[in-house]
Every structure is written in C-alpha cells, then in structure tokens.
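**Student:** Got a structure for you, questions after.
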Amino acid sequence: MTLIHFVVLSLTLCAIGVYGVLTRRNLIGILLSVEVILNGANINFAAFAHFRASDPAAGAIFPIFVMAVSGCEMAVALAIIISMYRRKKRLDVYKLEELNG
Amino acid sequence: MNILLLPDLLIILLAASILAIDLYRGKPQSTVSFHMSWIGLLVIFCLLIILPYDQEITYWGTYKVTGISLLFKQVFVLSSLCTVLLSAPYFKPGGNARGVLRYRSEFYFIILLCTFGMFAVVSATGLLTLFIGMELATIPLYILSGYQKEDSLSVEAATKYIIMGSLSTGLLVFGYSFLYGCAGSLSFKAISVFAMASPTDPLFRLGVLFVLAAIGFKLTIFPFHMWAPDVYDGAPTPVTAFISVSSKAVAIGFLLILVYGPLAPLHNYLQIILLILAGATMTVGNLGALKQKRLRRFMAYSSIAQAGYIIMAMAGTAAAAYSSIIYYLFVYAAANYAIFFIISIVGRNGEEEFKSLQGMGKQNPVLAAVLMLTLFSLGGIPPLAGFMGKFLLFAAAAERGFYSMVIFAALNSTISLYYYLLLVKEAYIIKPAIAPRVLVIDNIQRISLVLLTSAMVSLGLIPLFSSNIMAIVQ
C-alpha cells in the first residue's frame with residue numbers, strides 16, 4: 000500500500016462519479032455520484048496526510064469540513080428536489096426541459 | 000481586535016438580527032427587515048469607504064484583510080444592497096407578473112450570509128478558508144434561485160444549478176486535495192513555495208486543472224457555461240441579478256487570488272490556458288446572445304461574454320490585472336443592476352421579452368434613455384464607464400504583448416455592440432403591434448436607477464475612481 004494506490008483509487012472514484020453525473024437520469028442518483036466524487040477527494044486528503052504531508056493535521060481536518068459542507072449541500076439539494084417532485088411528479092432529468100434555447 | 004474586521008462582523012450581526020426580529024415579531028408582511036437590510040448595508044458600505052486601505056492584518060493566521068480585499072468587499076456590499084432594493088416590489092402583490100415572493104426576512108438573511116461567504120473568499124490565506132467561503136457563497140444561491148416554489152421554472156432552475164454546482168464543488172475539493180498533497184500544507188505560502196520549487200510536478204498541475212475547471216462552472220467559462228442561461232431565466236429577477244454580479248465577482252476574486260498568489264510561479268503556463276478560455280468564452284457568449292428573445296436569457300449570454308473579457312486581463316501583470324478587473328467589476332455591477340431594474344419594471348405586468356420593450360421610447364423617454372445609456376456602457380461606447388473599463392482590461396493584456404488577443408477581443412466587442420443595439424432598436428424604433436402597457440415605476444426603482452446611471456456616467460468621466468483603485472492595488 001503506497002501513496003500511488005490511494006491516488007489511483009481516488010481518481011477512479013472521481014471518474015465513476017463524473018460518469019454517474021453524466022449518465023444517470025434520476026436526480027437522487029446524480030447526487031449520489033457527486034458524493035462519490037467528494038469521498039474520492041477525502042480519501043486523497045487522508046492518504047496525502049498519512050504519506051507525505053508536513054502538516055498532517057490539516058489533511059485530517061479538511062475531510063471533516065468537506066463532509067459537513069457536503070451535508071449542507073445535500074440538504075439543500077434534497078429540499079429543491081422535493082419541491083421539484085411536487086411540481087413535476089417525476090425525478091427524471093429529462094423532465095427538466097421547460098428552460099431551453 | 001482591529002477595526003478592519005468590523006465590516007465582516009457587522010454583516011453577520013445584521014443577518015442574525017434580521018432573522019431574530021422576524022422570529023420575535025412574526026409578521027410576514029412587515030417591511031422592517033427590508034429597511035434594516037438596506038440601511039445596514041449602506042452603513043457597512045460607508046464603513047468600508049472610510050477604513051484605512053494601506054494596512055494589512057492577519058487574524059489567527061487564516062483570515063487576512065488587505066486593501067484589495069476591502070475593494071472586493073465594496074463590490075459585494077454594493078451588489079447585495081442593489082439586490083435588496085431590487086427585490087422590494089417582488090414581495091408585494093402585483094409587484095411582478097411571475098408571482099409574489101414570500102418569506103422576506105429569510106431572503107435578506109440568505110443574501111447577507113452569502114455576502115459574508117464572499118468576504119471570506121477574498122480574505123482567505125489558505126485552502127480551508129477559501130473552501131468554506133466559496134461554499135458559503137454558493138449554497139445560498141441554490142436556495143435563492145428556487146425561491147419561487149410555486150413556479151416550475153424557478154424550481155427547475157434551482158435543480159439545474161445545484162446539480163452543476165455540486166459537481167463543481169466535487170472537482171474543486173479534488174483539486175484542493177492535490178494542491179495539499181503536493182505542498183504538504185493548506186496555506187498559500189506553502190503552496191507558493193512548492194510551485195516555485197517544482198512547477199512541472201504532474202500531480203500539482205492536475206490539481207490546478209481541477210481547480211480551474213471547477214471555478215469555470217462558477218465563472219461561466221466555456222465549456223462550463225451551459226447552466227447559466229437556464230438558471231438566469233428561471234430564477235426570480237433579483238436573484239438573477241445577484242448571481243450575475245456577486246457570484247461572478249466572487250469567482251473572479253477567487254481566480255485572482257489563486258493566479259497571483261500561490262500559483263504565481265505557474266503564471267506563464269496558465270497565461271495561455273486563460274487566454275484560450277477567455278477567447279472561447281467571449282465568442283460563445285456573443286454568438287449565443289445574438290439569437291435570444293428573452294431578456295434574462297440575453298443577459299446571461301451577455302454576462303458570459305463579459306466574463307471572457309475579464310479573464311483576458313489575467314494574462315497581464317498582477318497590478319494591472321487587479322486594478323483593471325476591480326474597476327471593471329464596479330462598472331459591470333452598475334450596468335447590470337440598471338438593466339435588471341429595467342427588466343423588473345417591464346416584468347411588473349408582462350413577459351420579460353424583447354418585445355415588451357416596444358414603445359418605451361414614446362411612452363417613457365427617460366427610462367428608454369437610461370436603457371440606452373446602460374447598453375452603451377455594457378457595449379463599451381466612449382464617454383461611459385464601460386469603455387474605460389474595457390480599455391483597462393485590454394490594456395492589461397496588451398502590456399504583456401498579447402496584441403492578437405486584444406484585437407480578437409475588440410472584434411468580439413463589436414459583435415456585442417450589435418446585439419446591445421438590438422435592444423435599443425426594440426425600445427425606440429419598432430412600432431408596437433398592440434398599445435404598450437403603462438409602466439409603473441416605484442420610488443425605490445426610480446432613485447436606484449438615477450444613482451446607477453449617474454455612477455455609470457461619472458465612473459467613466461472622472462478618472463478619480465480608477466486612479467484610486469490603482470493606488471490601493473500598488
């Protein structure tokens with residue numbers, strides 16, 4: 000287990016997340032994909048803090064902030080998605096088509 | 000405790016007291032929160048003007064107030080002040096054709112907290128402050144753009160915005176993790192030292208690219224600009240204005256801090272990327288604006304193009320880039336808010352489309368003249384502030400010898416003049432098919448338009464402002 004393993008893992012997670020955001024039709028699925036990206040970044044932080052950082056505490060704290068902030072973001076996102084579900088009765092991104100041009 | 004932190008503290012205090020008074024009094028129709036917010040913001044702005052600009056103070060090693068950050072704070076406070084004034088009729092029945100906004104004090108609370116987030120971004124000395132500030136400045140915008148819950152367009156805009164925004168947050172955190180991993184610390188100083196020592200490290204460059212892509216979403220840089228027209232069209236008009244000025248200003252501040260701070264050793268390498276992005280962004284914005292029929296969509300493309308001009312100045316030296324961009328932000332804010340005030344007057348009892356402007360020249364010549372002056376300022380016609388702003392931006396790029404880029408931008412600017420004049424044509428020349436509706440103008444709107452127009456004219460004519468900014472930056 001070296002640093003490179005972790006970086007490869009986190010980049011894979013990032014790729015999976017971006018792929019999910021681009022291909023998923025369900026809004027909840029898209030949000031889960033975003034969470035996968037954020038968790039990939041958190042793994043990155045932890046790995047860098049463990050293997051090479053001169054200031055390992057910062058790398059350990061940053062993921063906690065990321066989790067809190069992404070929690071806020073998801074709360075807002077779910078609220079918006081619920082109010083959209085009330086309007087359109089579907090959670091399909093292809094239903095987001097009123098605004099275009 | 001130093002006086003330089005006072006504006007930041009006051010804005011939190013103002014936000015908290017607005018919410019507290021609303022909870023205590025509990026009257027949804029009360030206008031107390033409105034008067035508190037605009038008076039409070041005005042006080043904070045006056046405070047920002049009289050603060051000393053030549054001092055520099057770092058609080059707890061992570062929050063630094065400098066003259067430049069105070070200038071950015073002026074832009075943010077003015078922008079939220081304009082948003083508060085712009086939103087006043089939207090909370091009254093009959094104030095807008097799209098419906099009445101509710102929960103007034105929460106609206107102002109969210110705007111003020113968002114502004115504090117922007118303060119934090121321009122005061123950051125490390126990635127952690129930068130990250131938290133950026134999120135505090137962005138997440139409230141998702142809530143605000145979906146503020147008209149009954150309107151399906153508004154909700155759709157919020158959904159699109161939050162999906163794109165959270166993706167960009169993900170990429171941003173990823174970029175930060177690589178910067179941290181290379182430098183070993185979150186502070187800008189350590190990152191700068193690393194960038195100086197090994198500017199070609201692949202992980203470091205990967206991190207920089209991730210950060211650039213993520214900030215591209217917020218700044219609507221091509222190819223990440225797709226969300227902007229939809230969000231601008233769907234969100235309530237005051238929120239659209241806030242997104243188009245404040246959110247853009249904070250993203251520009253963020254980019255300036257990074258490009259001229261920790262990433263300064265990479266500037267030669269970033270220059271080319273920034274110039275290509277700037278060229279593509281202004282072209283896409285200008286071509287997109289040509290075929291629009293709805294006013295707010297049109298403003299979205301126009302602001303994409305403006306973002307392109309602004310990024311172009313980042314190819315220049317630090318002093319030239321900072322002074323020209325901050326000056327341009329003031330100019331851009333004045334012109335954009337004037338347009339959005341006019342859109343809100345037009346949208347009071349009708350669609351916000353090009354043809355709603357027809358007959359304005361006959362019916363309300365003063366308003367039509369203001370519209371024309373504003374569009375000339377955005378297009379960059381000489382006596383107005385827009386010309387001076389664009390001139391400084393182009394000069395910043397020309398100083399480093401990027402003449403072909405400057406010529407390209409000037410050509411783009413000519414295209415933009417064409418579509419700005421389309422609006423003037425609608426207002427003055429085209430005869431309306433049906434009798435035009437009577438435009439009702441509130442006192443708040445009238446006073447704000449007068450102030451914004453005089454700002455637009457005086458910022459261009461009096462060289463005091465731009466030379467002041469240059470003196471502070473150097």
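Protein chains in written order, with numbering that gives the first Met the number 0: chain A, 0 to 100; chain B, 0 to 473.
Glycine included, every Cβ here is placed at the ideal spot set by N, Cα and C.
Mind checking the stretch 227-248 of chain B against chain A and listing, in chain order, the residues whose C-beta falls within less than 7 Å of any C-beta there?
**Tutor:** 229, 232 and 233
**Student:** So the candidates are 69/B, 45/B, 267/B and 28/B; which of them puts its Cα closest to the Cα of residue 54/B?
**Tutor:** Residue mapping note: residue 54/B aligns to position 55 of the second sequence, counting from 1. Ranking 69/B, 45/B, 267/B and 28/B by Cα distance to residue 54/B puts 69/B first.
**Student:** State yes or no: is the beta carbon of residue 317/B nearer than 8 Å to at least one beta carbon in chain A?
**Tutor:** Sequence index remark: in the second sequence, residue 317/B carries index 318 (1-based). At a cut-off of 8 Å between beta-carbon atoms, residue 317/B makes no contact with chain A.
**Student:** Name the chain A residues that come within less than 8 Å of residue 71/B, Cβ to Cβ?
**Tutor:** Here residue 71/B refers to the residue found at position 72 when the second sequence is read from its first residue. Residue 71/B does not reach chain A, its nearest Cβ partner there being about 22 Å away, counting only Cβ pairs nearer than 8 Å.
**Student:** Is the CB of residue 159/B under 8 Å away from at least one CB in chain A?
**Tutor:** To locate residue 159/B, count along the second sequence from 1; it is residue 160. Interface residue, yes.
**Student:** Indicate the three-state DSSP secondary structure (helix, strand or coil) for residue 315/B in the structure shown.
**Tutor:** Against the second sequence, residue 315/B aligns to sequence position 316. Looking at residue 315/B - three-state DSSP - the assignment turns out to be coil, as it is neither helix nor strand.
**Student:** Across the stretch 98-105 of chain B and the stretch 166-182 of chain B, are there enough close Cβ pairs to call them in contact, namely three or more that are closer than 8 Å?
**Tutor:** Pairwise C-beta distances place the stretch 98-105 of chain B out of contact with the stretch 166-182 of chain B, as fewer than three of them are shorter than 8 Å.
**Student:** Measure from the C-beta of residue 54/A to each C-beta in chain B and report whether the shortest distance is under 8 Å.
**Tutor:** Walking along the first sequence from the start, residue 54/A turns up at place 55. Taking Cβ atoms only, chain B reaches closer than 8 Å to residue 54/A, which makes this a yes.
**Student:** If you pair each beta-carbon of the stretch 75-91 of chain A with each one of the stretch 68-83 of chain B, do three or more pairs fall below 8 Å?
**Tutor:** Taking a cut-off of 8 Å for Cβ pairs, the stretch 75-91 of chain A and the stretch 68-83 of chain B do not touch, as fewer than three such pairs fall below it.
**Student:** With distances taken Cα to Cα, identify the nearest neighbour of residue 51/B among 120/B, 303/B, 64/B and 306/B.
**Tutor:** Against the second sequence, residue 51/B aligns to sequence position 52. Nearest of 120/B, 303/B, 64/B and 306/B to residue 51/B, Cα basis: 64/B.
**Student:** Can you list, in chain order, the residues of its chain whose CB lies under 8 Å from that of residue 130/B, leaving out five sequence neighbours each side?
**Tutor:** Residue numbering aside, residue 130/B sits at position 131 when the second sequence is read from its first letter. Same-chain partners within the cutoff: 171, 172 and 175.
**Student:** Tell me, please, whether the stretch 269-281 of chain B touches the stretch 310-317 of chain B by the rule of three or more beta-carbon pairs shorter than 8 Å.
**Tutor:** yes
**Student:** Return the first residue and the last residue of the beta strand (DSSP E) that residue 57/B is part of.
**Tutor:** On the second sequence, position 58 is the one that residue 57/B refers to. From DSSP, the beta strand (DSSP E) with residue 57/B extends over 56-58.
**Student:** Rounded to whole angstroms, what's the CA-CA distance from residue 165/B to residue 460/B? Just pull it up for me.
**Tutor:** Residue numbering aside, residue 165/B sits at position 166 when the second sequence is read from its first letter. Residue numbering aside, residue 460/B sits at position 461 when the second sequence is read from its first letter. The straight-line gap from Cα to Cα measures roughly 42 Å.
**Student:** Runs of 3 residues minimum, wholly inside the stretch 98-139 of chain B: which ones carry the beta strand (DSSP E) assignment?
**Tutor:** Those beta strand (DSSP E) runs which fall completely within the stretch 98-139 of chain B and span 3+ residues do not exist here.
**Student:** How is residue 296/B classed by DSSP in three states: helix, strand or coil?
**Tutor:** Here residue 296/B corresponds to residue number 297 of the second sequence, with the count starting at 1. Of the three classes helix, strand and coil, the one that applies to residue 296/B here is helix, per DSSP.
**Student:** Going straight from the alpha carbon of residue 34/A to that of residue 41/A, what length do you get?
**Tutor:** As a working note, residue 34/A is residue 35 in the first sequence. As a working note, residue 41/A is residue 42 in the first sequence. If I take the Cα positions, the gap works out to 10 Å.
**Student:** I'd like to know if residue 185/B contacts chain A, where contact means its C-beta is closer than 8 Å to some C-beta of that chain.
**Tutor:** In the second sequence, residue 185/B corresponds to position 186, counting from 1. Judged by the 8 Å Cβ criterion, residue 185/B is in contact with chain A.
**Student:** List the residues that DSSP assigns as beta-bridge partners of residue 25/A.
**Tutor:** Counted from its first residue, the first sequence places residue 25/A at position 26. Note: residue 25/A sits in a beta bridge opposite 91/A.
**Student:** When DSSP labels each residue in this structure, what does residue 186/B get in the three-state scheme?
**Tutor:** Start at 1 with the first residue of the second sequence, and residue 186/B comes out as number 187. DSSP places residue 186/B in strand when its eight states are reduced to three.
**Student:** Which residues bound the alpha helix (DSSP H) around residue 437/B?
**Tutor:** Within the second sequence, residue 437/B is the residue found at index 438, counting from 1. Per DSSP, residue 437/B belongs to no alpha helix (DSSP H) and is neither H nor E.
**Student:** Residues of the stretch 46-72 of chain A in Cβ contact with chain B at a cutoff of 7 Å, in chain order, please.
**Tutor:** 47, 51, 52, 53, 54, 57, 58, 61, 64, 65, 68, 71 and 72
**Student:** Relative to the C-alpha of residue 27/A, which candidate in 138/B, 128/B, 148/B and 159/B has its C-alpha closest?
**Tutor:** As a position in the first sequence, residue 27/A is number 28, starting the count at 1. The option with the nearest alpha carbon to residue 27/A is 159/B.
**Student:** State the start and end residues of the unbroken alpha helix (DSSP H) segment that holds residue 31/B.
**Tutor:** On the second sequence, position 32 is the one that residue 31/B refers to. For residue 31/B, the enclosing alpha helix (DSSP H) begins and ends at 31-49.
**Student:** Answer yes or no: the CB of residue 444/B versus the heavy atoms of the ligand ZN, is any distance below 7 Å?
**Tutor:** You won't find the ligand ZN in this model; it holds no ligand whatsoever.
**Student:** Take residue 414/B as the anchor and find which of 430/B, 379/B, 448/B and 436/B has the nearest alpha-carbon.
**Tutor:** Here residue 414/B refers to the residue found at position 415 of the second sequence. Checking every option, the nearest Cα to that of residue 414/B belongs to 379/B.
**Student:** Please report the residue range of the alpha helix (DSSP H) in which residue 419/B lies.
**Tutor:** For this step, residue 419/B is matched to residue 420 along the second sequence. Residue 419/B -> alpha helix (DSSP H) spans 402-427.
**Student:** Taking the alpha carbon of residue 45/A as the reference point, which residue from 53/A, 69/A and 59/A has its own alpha carbon closest?
**Tutor:** Against the first sequence, residue 45/A aligns to sequence position 46. Taking residue 45/A as reference, the option from 53/A, 69/A and 59/A with the minimal CA-CA separation is 59/A.
**Student:** Which residues, in chain order, does the stretch 5-21 of chain A contribute to contact with chain B at a C-beta distance below 7 Å?
**Tutor:** 13, 16 and 20
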